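2 protein chains.
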Amino acid sequence: MKKRVTVKQIADEIGMSMMTVSRALNENGNINKKTREKVLKTAKKLGYIPNFVAKSLVQQKTFTIGVIIPEITHSFFPEVIRGIEEVAYQSKYQIILAHSAEDQQKEKLAIRTLASKRVDGLLISTAQSVTEFDHYQEVVSHGLPLVSFDRCVYDIGVSTVSIDDELSAEQITEHLIKIGYKKIAHLAGPVTVSIGKKRLNGFKKALKKNKLVLNEDFIIPSGFQEADGYNSMKKLLKLPKTKRPRGIVAVNDPAAFGAMKAILEEGYKIPEDFALVGFSDDIRAELMEVPLTTIRQPAYELGRIATQKLIAHIENSKEKVEEIILPTEIVVRSSCGFKSSS
Amino acid sequence: MKKRVTVKQIADEIGMSMMTVSRALNENGNINKKTREKVLKTAKKLGYIPNFVAKSLVQQKTFTIGVIIPEITHSFFPEVIRGIEEVAYQSKYQIILAHSAEDQQKEKLAIRTLASKRVDGLLISTAQSVTEFDHYQEVVSHGLPLVSFDRCVYDIGVSTVSIDDELSAEQITEHLIKIGYKKIAHLAGPVTVSIGKKRLNGFKKALKKNKLVLNEDFIIPSGFQEADGYNSMKKLLKLPKTKRPRGIVAVNDPAAFGAMKAILEEGYKIPEDFALVGFSDDIRAELMEVPLTTIRQPAYELGRIATQKLIAHIENSKEKVEEIILPTEIVVRSSCGFKSSS
DNA sequence: AAAAATATTGTTAACGTTAACATAAGGTTT
DNA sequence: AAACCTTATGTTAACGTTAACAATATTTTT
Numbered sequence: 007m008k009k010r011v012t013v014k015q016i017a018d019e020i021g022m023s024m025m026t027v028s029r030a031l032n033e034n035g036n037i038n039k040k041t042r043e044k045v046l047k048t049a050k051k052l053g054y055i056p057n058f059v060a061k062s063l064v065q066q067k068t069f070t071i072g073v074i075i076p077e078i079t080h081s082f083f084p085e086v087i088r089g090i091e092e093v094a095y096q097s098k099y100q101i102i103l104a105h106s107a108e109d110q111q112k113e114k115l116a117i118r119t120l121a122s123k124r125v126d127g128l129l130i131s132t133a134q135s136v137t138e139f140d141h142y143q144e145v146v147s148h149g150l151p152l153v154s155f156d157r158c159v160y161d162i163g164v165s166t167v168s169i170d171d172e173l174s175a176e177q178i179t180e181h182l183i184k185i186g187y188k189k190i191a192h193l194a195g196p197v198t199v200s201i202g203k204k205r206l207n208g209f210k211k212a213l214k215k216n217k218l219v220l221n222e223d224f225i226i227p228s229g230f231q232e233a234d235g236y237n238s239m240k241k242l243l244k245l246p247k248t249k250r251p252r253g254i255v256a257v258n259d260p261a262a263f264g265a266m267k268a269i270l271e272e273g274y275k276i277p278e279d280f281a282l283v284g285f286s287d288d289i290r291a292e293l294m295e296v297p298l299t300t301i302r303q304p305a306y307e308l309g310r311i312a313t314q315k316l317i318a319h320i321e322n323s324k325e326k327v328e329e330i331i332l333p334t335e336i337v338v339r340s341s342c343g344f345k346s347s348s
Numbered sequence: 007m008k009k010r011v012t013v014k015q016i017a018d019e020i021g022m023s024m025m026t027v028s029r030a031l032n033e034n035g036n037i038n039k040k041t042r043e044k045v046l047k048t049a050k051k052l053g054y055i056p057n058f059v060a061k062s063l064v065q066q067k068t069f070t071i072g073v074i075i076p077e078i079t080h081s082f083f084p085e086v087i088r089g090i091e092e093v094a095y096q097s098k099y100q101i102i103l104a105h106s107a108e109d110q111q112k113e114k115l116a117i118r119t120l121a122s123k124r125v126d127g128l129l130i131s132t133a134q135s136v137t138e139f140d141h142y143q144e145v146v147s148h149g150l151p152l153v154s155f156d157r158c159v160y161d162i163g164v165s166t167v168s169i170d171d172e173l174s175a176e177q178i179t180e181h182l183i184k185i186g187y188k189k190i191a192h193l194a195g196p197v198t199v200s201i202g203k204k205r206l207n208g209f210k211k212a213l214k215k216n217k218l219v220l221n222e223d224f225i226i227p228s229g230f231q232e233a234d235g236y237n238s239m240k241k242l243l244k245l246p247k248t249k250r251p252r253g254i255v256a257v258n259d260p261a262a263f264g265a266m267k268a269i270l271e272e273g274y275k276i277p278e279d280f281a282l283v284g285f286s287d288d289i290r291a292e293l294m295e296v297p298l299t300t301i302r303q304p305a306y307e308l309g310r311i312a313t314q315k316l317i318a319h320i321e322n323s324k325e326k327v328e329e330i331i332l333p334t335e336i337v338v339r340s341s342c343g344f345k346s347s348s
C-alpha cells in the first residue's frame with residue numbers, strides 16, 4: 007500500500023505551512039487565490055484523500071449517524087432507511103447501520119459501540135425483546151442526541167417520531183366491528199414495546215367504545231414476526247368452535263401473514279371464516295392470497311422526519327424535544343370481509 | 007453536555023499513568039490484576055466511553071466497512087445487507103451504508119466520502135448508470151480493499167462475488183424454449199453493468215444453442231426498475247400482432263413486474279398470450295397476480311460471503327483475489343406456462 | 001510617510017489514544 | 001550478592017488534522 011498523502015506532504019511540496027494547506031482545502035478563512043489553486047493542484051497531483059478520522063478527533067464531530075433497526079427484512083424498514091439516508095445525505099452525514107435482530111443484548115451492544123465510534127446522533131427503533139431502557143438513558147445522559155422512531159421510548163427526554171398507533175389500531179378494529187364482527191381477537195406484540203402496548207390499547211378502546219365485552223382470552227401474546235402470528239393463530243384454532251373469535255386484529259402485517267397461513271392451512275376461508283387485518287401495509291399485503299386490510303404507515307416520510315429532527319438536535323442543543331405523530335390511512339382490502347357499496 | 011471522560015481522567019483519579027489505564031482497558035500486555043480491577047471500576051464510576059476515533063487514528067484502522075448499494079427497496083438488497091451485517095458483526099466491524107440510488111455521481115461521491123472516513127474496506131454493487139470505473143480504480147490503487155458483489159466490475163484486480171448470471175439467464179431462457187416458445191424477447195438491463203451484459207449474453211446463448219434466430223428488435227434496452235419493464239413492454243405491445251414476441255425474459259423481477267402490469271393492463275393473459283420470466287426471486291414474485299417464474303439468488307449468502315472475503319482482504323493483504331460464484335436455482339411458477347407433469 | 005486596517009501566512013498546542021522504548025521493582029539463579 | 005529474568009509501570013512521540021493566537025506582508029487611510 008502506498009504511503010498515505012497528508013497535509014504535511016502537500017505543505018512540504020509547495021513550501022508552505024500545514025495551516026495554509028488546511029485552509030486552502032477547506033475553502034474557509036482568508037487565503038490567497040493563487041495559493042489555494044496551487045494547493046488544490048498539488049493535492050490532486052499527489053492523490054490526497056482527506057482524513058476524516060483526524061478531523062473528527064479535532065472537531066469532536068464525525069458527521070455520522072447511528073441507525074439501529076430491529077429487522078431489516080420487514081419491508082417497512084428499508085423504506086424508512088431510504089428516507090433516513092436521503093436526509094442524512096443532504097446534510098452530509100453518513101449512516102452506520104446496526105441490526106439488533108430484535109435482540110436486547112445486540113441493541114445494547116450496538117448503542118455502546120456507536121457511542122464509542124462517536125456518532126453525532128442515534129436513531130433507534132426498539133427491538134422486540136427490550137424490557138428496560140437504561141441503555142438509552144445512559145447515552146442520553148452523556149449528551150448524545152437520540153431520536154426514537156416507530157417503536158418509541160417515552161419519558162426519557164428524547165424526541166419521538168411515530169404514527170398514532172393507538173388511534174390507528176382503534177380505527178382498524180372499529181372497522182371490523184362496523185362490518186359486524188363481535189368476537190374479535192388481538193394477536194398482540196410485547197407490551198414492553200411502544201407499538202405493542204399502544205396497538206393493544208387501541209384495540210381495547212375500540213371494543214369499549216362499541217360496548218363489546220373484552221375477552222381476555224382473545225388477547226394472544228404474540229410477536230412481530232410471521233412465525234409469531236402463525237403460532238398464535240394455531241393456538242386460537244385449537245379452541246372449540248364456539249369459543250373462537252371471528253375477527254383477528256394482528257399487531258402487524260408479518261404476524262397477519264403468519265395467521266393467514268395458519269388459517270388457510272387448516273382449510274378455513276378468509277374472510278368467510280375469519281376476518282383478518284394487519285398493520286403497516288407491508289409490500290406483500292396487497293399481493294397475498296387474500297389481500298390484507300391494513301394500516302398504511304408513511305415509512306419513507308417517517309425516516310425523513312426522524313432524521314431531520316435528529317440533525318436539528320445535533321446542530322442545535324436547544325432544539326425542542328417533541329413527540330411527532332404522522333398520519334396513517336386505513337387500506338381496505340378483502341381480508342376484512344368488507345363489501346364496498348359501489 | 008457533560009465533559010467527556012478520557013483515559014487521562016481515569017489515570018489521574020487513580021494516580022497512575024495513561025498507559026497503564028490503556029493497558030487495563032484493553033486487557034492486553036502485562037498488568038497487575040488489582041490495578042486492572044481498579045481501573046475498570048473507576049472507568050465505570052466515571053462513565054467512561056472509549057473513543058474509537060482516537061484509537062482509529064493511532065491504529066490506522068476503523069473497524070468500519072463501507073457498503074454501497076444501488077436500490078435498497080428491491081427485496082434482494084435488504085437480504086444481502088442482513089448477511090453483510092451479520093458477518094461484519096461477528097468480526098467486530100460496523101457498516102456504513104450508502105445508497106447510490108442507481109446514480110453514478112452519487113456512487114462516486116460515496117466512494118470518496120467513505121475513503122475519507124477511512125473505512126477498512128468497501129463492498130459495492132454498481133449503480134445502473136455507471137459507465138466508467140476510474141473511481142473504483144482510484145481507491146484500489148490507494149490500497150483500499152474492495153469487493154464487488156452482485157453487479158460486479160471485473161479486471162480491476164478486486165474479488166467479486168456473484169451468481170453465474172450468464173448461465174442462469176441461459177437456463178431460464180432455455181426453459182421457455184423447452185416449453186415451446188420460439189419468439190422470445192429480452193427486456194435488457196444496461197450492458198455497462200455486469201449483470202445487464204451477462205444476462206443478455208445468456209439469453210443470446212440459449213437462442214443460439216437451440217438454433218433460434220436472434221431478432222435484434224427483440225432485445226429491448228430497459229432497466230432494473232419496475233417502470234423500465236413497464237415502458238419496454240408497452241413498446242413491445244405496440245408492435246403489430248404478428249411481429250410480437252410470445253415469451254419475455256426480463257432482466258430482473260422488478261422489470262418483470264412492470265411488464266406484467268403492462269400486459270394485464272391491456273387485457274392480455276399470462277401465460278396464454280405472453281409467457282414471462284424474471285430474475286432474482288423478489289419477495290413479491292410468488293405473490294403476483296400471475297406468480298412469476300424466476301431465478302432464485304442466495305442473497306443472504308451472497309452478503310455473507312462477500313463480507314467474509316472483504317474481511318479476509320482487509321486482514322491479510324496477501325489474500326487471493328477471486329471471482330466467487332454462487333449457485334442459483336430456477337423457480338418455476340405459472341407465468342412461464344409450464345405444465346408440471348404431475 | 002506614519003498609522004491603521006486588512007489580507008495572508010505561520011506557530012503552537014490540542015483532540016484521545018496507543019506503540020515503542022525505558023525504567024523500576026521484585027524474584028531467581030548461581 | 002552479583003547477574004539475570006519477570007512483571008509492572010512510566011515516558012515520549014506519534015496518528016493527521018484544525019483552533020487559537022501570533023506574526024508578517026500588503027494595502028489603505030490620513
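Chains as they are written, first to last, in the working numbering: chain A, 7 to 348; chain B, 7 to 348.
Glycine included, C-beta positions come from ideal geometry on N, C-alpha and C.
The structure presented is a predicted model; accordingly, all values stated were derived computationally and were not measured.
Asked, Found
"At 3 residues or longer, what runs of the beta strand (DSSP E) sit wholly inside the segment 234-280 of chain B?", "253-256"
"Roughly how many angstroms separate the alpha carbons of residue 180(A) and residue 291(A), rounded to a whole number?", "20 Å"
"Exposed or buried, residue 147(B), counting other C-beta atoms within 10 Å across all chains shown (16 or more means buried)?", "exposed"
"To the nearest angstrom, how far is it from the Cα of residue 191(B) to the Cα of residue 241(B)?", "12 Å"
"Under a CB-based cut-off of 8 Å, is residue 307(B) close to chain A?", "no"
"With a CB to CB cut of under 8 Å and the five nearest residues on each side skipped, what residues in its chain are close to residue 210(A)?", "220"
"Express the C-alpha separation of residue 45(A) and residue 28(A) in angstroms, rounding to a whole number.", "9 Å"
"Helix, strand or coil for residue 84(B), going by three-state DSSP, please let me know.", "helix"
"Looking at C-alpha atoms only, which residue of 231(A), 172(A), 133(A) and 201(A) is the closest neighbour of residue 208(A)?", "172(A)"
"Cβ atoms of residue 330(B) and residue 166(B): under 8 Å apart, would you say?", "yes"
"Listed from N- to C-terminal order along the chain, which residues in the segment 300-329 of chain A have their beta-carbon within a distance smaller than 7 Å of any beta-carbon of chain B?", "none"
"My guess is that residue 159(A) and residue 132(A) are in contact by the Cβ rule of under 8 Å, so how many angstroms apart are they, rounded?", "6 Å"
"Taking the continuous alpha helix (DSSP H) assigned at residue 42(B), which residues delimit it?", "39-52"
"Flag this pair as yes or no: are the beta carbons of residue 193(A) and residue 265(A) separated by less than 8 Å?", "yes"
"Of all the CB atoms in chain A, is at least one closer than 8 Å to the CB of residue 34(B)?", "no"
"Between 298(A), 184(A) and 72(A), which has its C-alpha nearest residue 115(A)'s C-alpha?", "72(A)"
"Between which two residues does the alpha helix (DSSP H) carrying residue 209(B) extend?", "200-215"
"Please determine, among 298(A), 17(A), 198(A) and 314(A), the residue with the shortest C-alpha to C-alpha distance to residue 97(A).", "314(A)"
"Please determine, among 302(A), 94(A) and 126(A), the residue with the shortest C-alpha to C-alpha distance to residue 150(A).", "126(A)"
"Taking contact to mean 3 or more Cβ pairs, one atom from each stretch, closer than 8 Å, check whether the segment 311-326 of chain A and the segment 285-303 of chain A are in contact.", "no"
"Would residue 100(B) and residue 123(A) be called neighbours here (beta carbons separated by less than 8 Å)?", "yes"
"Skipping 5 residues on each side, what residues in its chain have a beta carbon closer than 8 Å to that of residue 347(A)?", "In this prediction, residue 347(A) has a pLDDT of 47, which is less than 50 and means its spatial position is unreliable; what the coordinates show is noted afterwards. Nothing meets the Cβ criterion."
"In chain A, which residues lie with their C-beta within 9 Å of the C-beta of residue 103(B)?", "73, 87, 91, 100, 101, 102 and 103"
"How would you call residue 233(A), buried or exposed, if buried means at least 16 neighbouring beta carbons within 10 angstroms?", "exposed"
"Beta-carbon of residue 216(A) versus every beta-carbon of chain B: anything under 8 Å?", "no"
"Does the beta carbon of residue 14(A) sit closer than 8 Å to a beta carbon anywhere in chain B?", "no"
"Across which residues does DSSP place residue 283(B) in a beta bridge pair?", "255(B) and 299(B)"
"Is there a C-beta anywhere in chain B that falls below 8 Å from the one on residue 84(A)?", "yes"
"Would a check of beta-carbon distances place residue 24(A) closer than 8 Å to chain B?", "no"
"Here's the rule: buried if 16 or more other CB atoms are within 10 angstroms of the residue's CB, otherwise exposed. What is residue 258(A)?", "buried"
"Can you pull the chain B neighbours of residue 68(A), defined as C-beta to C-beta under 9 Å?", "59 and 123"
"Note down, in chain order, every chain A residue with its Cβ under 7 Å from the Cβ of residue 48(B).", "Those within 7 Å of residue 48(B) in chain A number zero; the least Cβ separation is about 17 Å."
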